[in-house]
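Asks: Have a look at this one.
There are 2 protein chains.
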Amino acid sequence: MRIAEPTVERLVQYHRLLEQLSSEGRKVVSSQEIGQMLSLKASQVRKDLSYFGEIGKRGVGYHVDRLFEHISGILASPKKWPIALVGVGRLGEALLGHRAFRSEKFDIQALFDVDPEKVGTNVMGIPCFHMDTAAEEIRRLGIQVIILTAPSSVAQLCVDTLTAAGGIRGILNFSPVSIVTPPDVLVYSVDISVELEKLLFYLKGREE
Amino acid sequence: MRIAEPTVERLVQYHRLLEQLSSEGRKVVSSQEIGQMLSLKASQVRKDLSYFGEIGKRGVGYHVDRLFEHISGILASPKKWPIALVGVGRLGEALLGHRAFRSEKFDIQALFDVDPEKVGTNVMGIPCFHMDTAAEEIRRLGIQVIILTAPSSVAQLCVDTLTAAGGIRGILNFSPVSIVTPPDVLVYSVDISVELEKLLFYLKGREE
DNA sequence: TTATGTGAACCATTTCACAGCC
DNA sequence: GGCTGTGAAATGGTTCACATAA
């Protein structure tokens, strides 16, 4: 069964929350409590969790550690994905150092940039190569996923170069532009300023 | 009329695209072309744009500069929102330096952190204060919006302190945790790692 | 003839309401 | 009695299809 995107997103949230609850020694939690902590309806939580079999106990709730392991299994990766990050600017470096980007599911093996100050050095322990050599490095390392933090002006150019190398399966795009890829490349985007635009738009509406 | 969130998100995209098209000297564009460039259906583009009156010309398309100004008006802010950024780590600094965070719509007037290396200095020209003095600074400067880039572990604590100061209308949360606020505070979140999780989840599904 | 604007149909997601089990 | 699991209903958003205007 195809799992809807909003559901996957919430599964990640449940996973994080359960990790925290578990570390606090919590044993059991109800859909209502989860909902309160994540600002979701209890029925939403139950429906999400029910897609993967009956994991809760009626009249009791969900066993924290058991549910955590269960969701771990759903979100688990069959392998460690080989990733490259393209564009080692402030944002790229911030991501490299971010706790959320340390994971068992992937391994950032290469960085690409055009800045001579960075090419040839290691950043956070990862070697930085010149964009001109990206295609061969991608093939050599078997890179399958790209984190794109290059400036908007060159984002599409980078994507064209990288996908032409072959083997790229997915791109996580941080540039505030929409990029075009071959249909077999999955793209997800994080637009760091569009949420601020939305916030201000709806705040304006509240001011009257 | 209430405008749906996905529509506001796309309006921001149209706005960016039109700015670019205008700078390239483009005069007219059709819903079909806009759709192609942003990976949207033409009908979606037309519906979005029609919410705000008839702005296109039947048989012709949309006049680029006119549509750009039109959307500018829709997204316009009645004032420059006074903002503070909380948590001057790598991510916070990356945002401060990001082009997308320079805008007519707001003004980042204060930074808050607990690091003695940062408190009392200016970062990107903005003064950094200690979190302990946040409440008084927020009241003094009339801060209404918070960009939260503090570590997850203290995110909720920060939110409680900040909202208690009064006057806070909205929070843009970059911590990968869900935060709880009084109902009059609007919260939007940018989760920099959840999109990567989704990407890997669906890539796994494609591998078979 | 071409491309917009829009009601209606469609599809996806959320919420309800209650049966089922602990 | 309490809380999950789940069809059914409601809601929200997208796409279609065509009337309408340049």
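Chains as they are written, first to last, in this note's numbering: chain A, 28 to 235; chain B, 28 to 235. Where is the CB? At the ideal position from N, CA and C, for every residue including glycine.
1) In the DSSP assignment, the beta strand (DSSP E) including SER216/B goes from what residue to what residue?
2) Rank ASN149/A, GLU164/A, LEU44/A by C-alpha distance to the C-alpha of GLU60/A and give the top, closest one.
3) Do ILE206/B and VAL186/B count as a contact pair if the criterion is CB distance below 7 Å?
4) Mind checking if PHE228/A is an interface residue toward chain B, Cβ cutoff 7 Å exclusive?
5) Among GLY86/B, HIS90/B, GLU96/B, ILE101/B, which residue has its Cα nearest to the Cα of LEU227/A?
6) Considering only residues of the same chain and omitting the five flanking positions on each side of HIS157/B, which have a CB-CB separation below 6 Å?
7) Could you please give me the residues that DSSP links to HIS157/B through a beta bridge?
8) Could you tell me the alpha carbon to alpha carbon distance between LYS68/A and TYR89/B, rounded to whole angstroms?
9) Could you tell me whether any Cβ in chain A is nearer than 7 Å to the Cβ of SER220/B?
10) Any C-beta of chain B within less than 7 Å: which residues of the region 150-161 of chain A qualify?
11) Which of the three DSSP states is assigned to GLY62/A in this structure?
12) Looking at the structure shown, is LEU67/A part of a helix, part of a strand, or coil, going by DSSP?
13) Who are the near neighbours of LEU48/A in its chain, counting only those whose CB is closer than 7 Å to its CB and skipping five residues on each side?
14) Quick check on the burial criterion: 16 or more other C-beta atoms within 10 angstroms. Buried or exposed for THR160/B?
15) Does the region 211-221 of chain B touch the region 192-203 of chain B, meaning 3 or more C-beta pairs lie closer than 8 Å?
16) For VAL72/B and GLY80/A, what's the separation of their Cα atoms in angstroms?
17) Mind reading off the beta-carbon distance from ARG117/A to GLU120/B? Whole number of angstroms is fine, and I expect it under 8 Å.
18) Should VAL181/A and ILE110/A be called a contact, given that it needs their Cβ atoms to be closer than 7 Å?
19) Looking at chain B, is there any beta carbon in it that lies within less than 7 Å of the beta carbon of GLY124/A?
20) Closer than 6 Å by C-beta to GLY83/A: which residues in its own chain qualify, once you throw out the five before and the five after it? Chain order, please.
21) Are the beta-carbon atoms of GLU224/B and VAL115/A separated by less than 7 Å?
22) Taking 8 Å as the limit between beta carbons, can you name the residues of its chain near LEU122/B, skipping five residues before and five after?
23) Using 7 Å as the threshold, is the C-beta distance between ILE153/A and LEU138/A below it?
24) CA-CA distance, ALA192/B and ILE170/B?
25) Cβ atoms of LYS132/A and SER27/A: under 7 Å apart, would you say?
26) Can you give me the C-alpha to C-alpha distance between ASP218/B and THR190/A, rounded to a whole angstrom?
27) Looking only at its own chain, which residues have a Cβ that is under 6 Å from the Cβ of THR34/B, when we skip the five neighbours before and after it?
28) Residues in the same chain with beta-carbon distance under 6 Å from HIS97/B, minus the five sequence neighbours each way, listed in chain order, please.
29) May I ask which residues mark the beginning and end of the alpha helix (DSSP H) holding ILE98/B?
30) Report the partner residues of ASP134/A according to the DSSP bridge assignment.
31) Find the residues of chain B that neighbour GLY197/A, judging by a C-beta separation of less than 7 Å, and give them in chain order.
32) Going along the chain, which residues of its own chain have a beta-carbon closer than 6 Å to the beta-carbon of THR148/A, five neighbours each way excluded?
33) Determine the DSSP secondary structure at GLY124/A, reduced to helix, strand or coil.
34) Could you say which of PRO210/B, SER179/B, GLY194/B, THR188/B lies nearest to VAL204/B if we only look at CA atoms?
35) DSSP three-state call for VAL204/A: helix, strand or coil?
36) Would you mind stating whether LYS107/A and ASP140/A have Cβ atoms separated by less than 7 Å?
Replies: On the basis of the coordinates in this document:
1) 213-216
2) LEU44/A
3) yes
4) yes
5) ILE101/B
6) VAL146
7) ASP140/B
8) 42 Å
9) yes
10) none
11) helix
12) coil
13) VAL56, VAL91
14) exposed
15) yes
16) 39 Å
17) 6 Å
18) no
19) yes
20) TYR89
21) no
22) LEU112, PHE128, ILE174, THR176, PHE201
23) yes
24) 10 Å
25) Chain A is shown from 28 up to 235; residue 27/A falls before or after that span and cannot be answered.
26) 26 Å
27) ASP75
28) ILE82
29) 91-102
30) PRO109/A
31) LEU226, LEU230
32) CYS155
33) helix
34) SER179/B
35) coil
36) no
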